[in-house]
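The structure appears below as structure tokens.
Number of protein chains: 2
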Amino acid sequence: MTTFNKVTAAHIAALREIAGTQYVLADEESMSRYAQDETEDLHYLPEVVVKPNTTAQVSKIMQLCSQELLPVTPRGGGTGLSGGALAQFGGVLISMERFNRIIQIDERNLQVTTEPGVITEELQNAVKEKGLFYPPDPSSRGTCFIGGNIAENSGGPKAVKYGVVKDYVLNLELVLPSGEVIWTGANVLKNATGYNLTQLVVGSEGTLGIVTKIVLRLIPLPKNDLLMLVPFRSAESACAAVSAIFRAGFTPSAMEFMERDALEWVSQYVQSSSVKIEEDIQAHLLIEVDGNYPEVLMQEMEGIATVVEGFDIGEILFAEDSQQKEELWKLRRRVAEAVKANSVYKEEDTVVPRAELPVLLKGVKDIGKKYGFHSVCYGHAGDGNLHVNIIRGTLTEEQWNGTLREGIREIFELVKQLGGTISGEHGIGLVQKSYMDIIFDQTSMKLMKQIKQIFDPKNILNRGKIFDC
Amino acid sequence: MTTFNKVTAAHIAALREIAGTQYVLADEESMSRYAQDETEDLHYLPEVVVKPNTTAQVSKIMQLCSQELLPVTPRGGGTGLSGGALAQFGGVLISMERFNRIIQIDERNLQVTTEPGVITEELQNAVKEKGLFYPPDPSSRGTCFIGGNIAENSGGPKAVKYGVVKDYVLNLELVLPSGEVIWTGANVLKNATGYNLTQLVVGSEGTLGIVTKIVLRLIPLPKNDLLMLVPFRSAESACAAVSAIFRAGFTPSAMEFMERDALEWVSQYVQSSSVKIEEDIQAHLLIEVDGNYPEVLMQEMEGIATVVEGFDIGEILFAEDSQQKEELWKLRRRVAEAVKANSVYKEEDTVVPRAELPVLLKGVKDIGKKYGFHSVCYGHAGDGNLHVNIIRGTLTEEQWNGTLREGIREIFELVKQLGGTISGEHGIGLVQKSYMDIIFDQTSMKLMKQIKQIFDPKNILNRGKIFDC
Numbered sequence: 000m001t002t003f004n005k006v007t008a009a010h011i012a013a014l015r016e017i018a019g020t021q022y023v024l025a026d027e028e029s030m031s032r033y034a035q036d037e038t039e040d041l042h043y044l045p046e047v048v049v050k051p052n053t054t055a056q057v058s059k060i061m062q063l064c065s066q067e068l069l070p071v072t073p074r075g076g077g078t079g080l081s082g083g084a085l086a087q088f089g090g091v092l093i094s095m096e097r098f099n100r101i102i103q104i105d106e107r108n109l110q111v112t113t114e115p116g117v118i119t120e121e122l123q124n125a126v127k128e129k130g131l132f133y134p135p136d137p138s139s140r141g142t143c144f145i146g147g148n149i150a151e152n153s154g155g156p157k158a159v160k161y162g163v164v165k166d167y168v169l170n171l172e173l174v175l176p177s178g179e180v181i182w183t184g185a186n187v188l189k190n191a192t193g194y195n196l197t198q199l200v201v202g203s204e205g206t207l208g209i210v211t212k213i214v215l216r217l218i219p220l221p222k223n224d225l226l227m228l229v230p231f232r233s234a235e236s237a238c239a240a241v242s243a244i245f246r247a248g249f250t251p252s253a254m255e256f257m258e259r260d261a262l263e264w265v266s267q268y269v270q271s272s273s274v275k276i277e278e279d280i281q282a283h284l285l286i287e288v289d290g291n292y293p294e295v296l297m298q299e300m301e302g303i304a305t306v307v308e309g310f311d312i313g314e315i316l317f318a319e320d321s322q323q324k325e326e327l328w329k330l331r332r333r334v335a336e337a338v339k340a341n342s343v344y345k346e347e348d349t350v351v352p353r354a355e356l357p358v359l360l361k362g363v364k365d366i367g368k369k370y371g372f373h374s375v376c377y378g379h380a381g382d383g384n385l386h387v388n389i390i391r392g393t394l395t396e397e398q399w400n401g402t403l404r405e406g407i408r409e410i411f412e413l414v415k416q417l418g419g420t421i422s423g424e425h426g427i428g429l430v431q432k433s434y435m436d437i438i439f440d441q442t443s444m445k446l447m448k449q450i451k452q453i454f455d456p457k458n459i460l461n462r463g464k465i466f467d468c
Numbered sequence: 000m001t002t003f004n005k006v007t008a009a010h011i012a013a014l015r016e017i018a019g020t021q022y023v024l025a026d027e028e029s030m031s032r033y034a035q036d037e038t039e040d041l042h043y044l045p046e047v048v049v050k051p052n053t054t055a056q057v058s059k060i061m062q063l064c065s066q067e068l069l070p071v072t073p074r075g076g077g078t079g080l081s082g083g084a085l086a087q088f089g090g091v092l093i094s095m096e097r098f099n100r101i102i103q104i105d106e107r108n109l110q111v112t113t114e115p116g117v118i119t120e121e122l123q124n125a126v127k128e129k130g131l132f133y134p135p136d137p138s139s140r141g142t143c144f145i146g147g148n149i150a151e152n153s154g155g156p157k158a159v160k161y162g163v164v165k166d167y168v169l170n171l172e173l174v175l176p177s178g179e180v181i182w183t184g185a186n187v188l189k190n191a192t193g194y195n196l197t198q199l200v201v202g203s204e205g206t207l208g209i210v211t212k213i214v215l216r217l218i219p220l221p222k223n224d225l226l227m228l229v230p231f232r233s234a235e236s237a238c239a240a241v242s243a244i245f246r247a248g249f250t251p252s253a254m255e256f257m258e259r260d261a262l263e264w265v266s267q268y269v270q271s272s273s274v275k276i277e278e279d280i281q282a283h284l285l286i287e288v289d290g291n292y293p294e295v296l297m298q299e300m301e302g303i304a305t306v307v308e309g310f311d312i313g314e315i316l317f318a319e320d321s322q323q324k325e326e327l328w329k330l331r332r333r334v335a336e337a338v339k340a341n342s343v344y345k346e347e348d349t350v351v352p353r354a355e356l357p358v359l360l361k362g363v364k365d366i367g368k369k370y371g372f373h374s375v376c377y378g379h380a381g382d383g384n385l386h387v388n389i390i391r392g393t394l395t396e397e398q399w400n401g402t403l404r405e406g407i408r409e410i411f412e413l414v415k416q417l418g419g420t421i422s423g424e425h426g427i428g429l430v431q432k433s434y435m436d437i438i439f440d441q442t443s444m445k446l447m448k449q450i451k452q453i454f455d456p457k458n459i460l461n462r463g464k465i466f467d468c
């Protein structure tokens, strides 16, 4: 394995030459906010932070780092949940925060060309003003970058109807570790021209190149939506209701699951009393439908209500106005923060075929009993994507950083057995890579490592993420 | 470059041992139907044809060919339009026709697991019986294989609303050229676990491995549809209407364009008098909407009619019943055959952002004038996917196989300039590979060739397709 060099004063001077003096940080204090993301309590200080704002600058930085064998870590909004943007080897951290321009909203073709440092919600709002819709919608949308979403192939609540980031990316401008710049595809909805480099880059967690321009497809903005919150007396039956709704022919635009603790904790955290949780309620489903015809949405809501009434539920809360909808969505979106505020935790991003959710949930709880941990589960149930938050609680250091790993491995082995995988939308990064062997055999892992080597022969770009190589 | 060996009697005996005597063909007469596909008039006879029906057999065949340096060509239904299934170097042709079982329709998870040799229409019908829908729908659906569709990332008329093959593939069992067998992903709707090997294989035209099992996602079957045929007095304005319809907020489930000649030729070919084409009509749009609510579909049809009435059109034909719908669809589906029956032709599978269609169409005609060829254009206008059929007519041999190449290059350069690419759904195969330089620079081409090398270090599998390597 290549040995990295340390960043020297000469390197810093060269970076200042490329990006401008004020856009290169080398003092610990200014760099400290680049030392972590939202993943547990990981902390890695880079040796230097550089903030380019043109493709040419990124190319020059990569050339320098390639020549000098400096480790490079690309970074978006720093909201990642698997440590993908952390400078594990120190070196040069490239912050994409100044790539913050939406280049063109093409209303004729329903496309947007953007730089990667645009905040996802800002992009969504900008296209919304034109009557257009970019559905992928992570909980962190108010602070995450669209480029980071591409690196992690993010999802969010709308994925159940509209798909994930990969389903919207048409074309990417990519700076390779050598400094060469390519476009991965074309600005078209159908493409059978060579290997799909675009889809290879989406979800590659910044290990293959640095994305500097993004072309996304958009769809017409649905004009209406309806939202309801359904309380269940059993968490497993809430999970079972999810697939029953789809089997009845409905495709909700969101179908979110929250265990009792999740909703209770977030209600306290945001000091909301909008949802009264009865004693015997164990879980909730938050269900949205959207479209252009209000009368159709009413029919669908009634149809879905009929399905869930076949389970042991409490009283359904139908959101009456946009304020109440916002309130319910706020609760769902801030669950992760609330859990974090409540206790140190590890978040597992399990995903299974949706009808297997009840088995997964039961398995998680059984494994928790075996290893003595409590978990709070919530997530995008319509996609079979369950976020399992393992609470530190009273676990000892040895349990937390020792035997718990075996418990997590058991959860992931169950996920695999159910046809699922270990990350639905958070990526592998640093924290899940030791579990990759559960999903991929050595042949597949070797293929991935060789692909990495093709793009990054000197192995300088985000090394140690996804796998060791 | 590796030099291939010739197939010997010993190799044939070994193949018979693996697949069974009756499933190995080595006489010219039996093999002749494997020597061509639907691409122009290409003809390459393999040295031996083998028809395995298990993954283990495919693995053994690949091991043998790898060890003996025999060229291998995988083949589906033989309906390809770019020569991808042709045994350019002779050698071993693996016909997947006996991989014809639908393994499981999973109604709980809206998924199907199938072998690759299942005919696309049969798969569609099987899931339809369960109220489920697999939308990708090439014109050849009655004879093409689902495995071939994956190799070419096929589309078809429904792609405009529902996406192409890549949007439905969740997981693939793949036999590598070494004989090793991997699964590329997991059976889930969201996946952020390592590089997307699944999407790398989709559209790779059988150059990376042989797909032996396929997991597809399905959606609920829409209960209703409506269809109309709109005649335009100018072909360019028909193209312009396409993007106007989307900009008005409608997403039809099909939006097909046919030039006058296309519809006239196919009407003669199938001896149909169901459409009367007025003298001054230059092109038609066939527009479908689908969904569960007939009253909504009526509203959408009326909305779309209002948009097209803003153009210079003739009388709209609304299909009155399922028989008339079928008749109109038959005309559209059989255009390619009709053109083929009319004259030798070359088909170009151009695709651009949809609002650029009028510019593309005008450009194609202008280039045709310059080089002296007539073209008949039709295709999936909603996706910006225009099939340009260049008619041999009275062109000399020198024009047809000589200067015409420059004309095609000019068309593809225009496509590139408009943000498009040279194949939307037919693939590159043998016939378009000399134009790849228009779309991809040397750096991208090198990446693709290196990816090929990782999967196929001895370069035995479908060599010479997509690019020379």
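Residue numbers (numbering that gives the first Met the number 0), protein chains in the order written: chain F, 0 to 468; chain V, 0 to 468.
No residue lacks a Cβ here, since even glycine has one placed at the ideal position from N, Cα and C.
These numbers were taken from a predicted model, which means no experiment stands behind them.
Backbone CA spacing between residue i and residue j [nearest angstrom]
i                      : j                      : result
residue 415 of chain V : residue 459 of chain V : 32 angstroms
residue 388 of chain V : residue 105 of chain F : 30 angstroms
residue 191 of chain F : residue 355 of chain V : 19 angstroms
residue 161 of chain F : residue 380 of chain F : 14 angstroms
residue 450 of chain F : residue 153 of chain V : 25 angstroms
residue 83 of chain F  : residue 456 of chain V : 31 angstroms
Where residue i meets chain V, residues with beta-carbon distance less than 8 angstroms
i                      : result
residue 469 of chain F : Shown here, chain F extends from 0 to 468; a query on residue 469 of chain F therefore has no answer.
residue 317 of chain F : The contacting residues do not exist; residue 317 of chain F stays about 21 angstroms from chain V at best.
CA nearest to the CA of residue i, picked from the options
i                      : options                       : result
residue 402 of chain V : V:384, V:370, V:182 and V:130 : V:370
residue 229 of chain V : V:262, V:222 and V:204        : V:262
residue 360 of chain F : F:324, F:456 and F:237        : F:237
residue 367 of chain V : V:404, V:337, V:440 and V:155 : V:404
residue 188 of chain V : F:196, F:159, F:177 and F:202 : F:159
residue 247 of chain V : F:409, F:85, F:107 and F:27   : F:107
residue 36 of chain F  : F:86, F:53 and F:180          : F:86
residue 98 of chain F  : F:83, F:74, F:343 and F:385   : F:74
residue 34 of chain V  : V:90, V:347, V:63 and V:280   : V:90
residue 297 of chain V : V:344, V:6, V:138 and V:249   : V:249
residue 282 of chain V : V:194, V:376, V:169 and V:226 : V:376
residue 295 of chain V : V:172, V:267, V:277 and V:251 : V:251
residue 243 of chain F : F:314, F:272, F:357 and F:157 : F:357
Cross-chain neighbours of residue i in chain A, by beta carbon under 9 angstroms
i                      : result
residue 213 of chain F : The chain inventory of the structure shown lacks chain A, comprising the protein chains F and V.
Per-residue contacts from residue i into chain F (C-beta, under 8 angstroms)
i                      : result
residue 186 of chain V : 352, 418 and 419
Chain F residues whose Cβ lies nearer than 9 angstroms to that of residue i
i                      : result
residue 425 of chain V : 191
residue 265 of chain V : Under the 9 angstroms cutoff, chain F gives no residues; its nearest Cβ is about 23 angstroms from residue 265 of chain V.
residue 140 of chain V : Near residue 140 of chain V there are no residues of chain F at all, since even the closest Cβ is about 16 angstroms away, more than 9 angstroms.
Proximal residues of chain F, C-beta to C-beta of residue i below 7 angstroms
i                      : result
residue 152 of chain V : 191
Beta-carbon neighbours of residue i, restricted to chain V and to distances below 9 angstroms
i                      : result
residue 455 of chain F : Going along chain V, no residue has its Cβ under 9 angstroms from residue 455 of chain F, so there is no contact; the nearest lies around 11 angstroms.
residue 469 of chain F : Outside the shown range of chain F (0 to 468) lies residue 469 of chain F, about which nothing can therefore be said.
Within chain V, partners of residue i - CB distance below 7 angstroms
i                      : result
residue 332 of chain F : The contacting residues do not exist; residue 332 of chain F stays about 18 angstroms from chain V at best.
On the three-pair Cβ rule with 8 angstroms, is the segment 351 to 363 of chain V touching the segment 294 to 309 of chain V?
-> no
Is the segment 206 to 223 of chain F touching the segment 128 to 146 of chain F, taking contact as three or more C-beta pairs under 8 angstroms?
-> yes
In the segment 278 to 324 of chain F, which residue ranges form an unbroken beta strand (DSSP E) of at least 3 residues, counting only runs that do not cross its ends?
-> 282 to 290
Counting only runs that start and end within the segment 236 to 281 of chain F, where is the beta strand (DSSP E) found for 3 or more residues in a row?
-> 253 to 258
Indicate whether the contact test is met: 3 or more Cβ pairs, each with one atom in the segment 85 to 102 of chain V and one in the segment 114 to 122 of chain V, closer than 8 angstroms.
-> yes
Would you call the segment 330 to 350 of chain F and the segment 248 to 262 of chain F in contact, with 3 or more CB pairs under 8 angstroms?
-> yes
Should the segment 16 to 25 of chain F be called in touch with the segment 65 to 74 of chain F, which here means at least 3 C-beta pairs below 8 angstroms?
-> no
May I have a chain-ordered list of the alpha helix (DSSP H) segments no shorter than 4 residues that lie completely inside the segment 165 to 201 of chain V?
-> 196 to 200
In chain order, each alpha helix (DSSP H) run of at least 4 residues that lies wholly inside the segment 33 to 74 of chain F = 54 to 67
With contact counted as at least three CB pairs below 8 angstroms, one residue from each stretch, are the segment 195 to 204 of chain F and the segment 193 to 209 of chain V in contact?
-> yes
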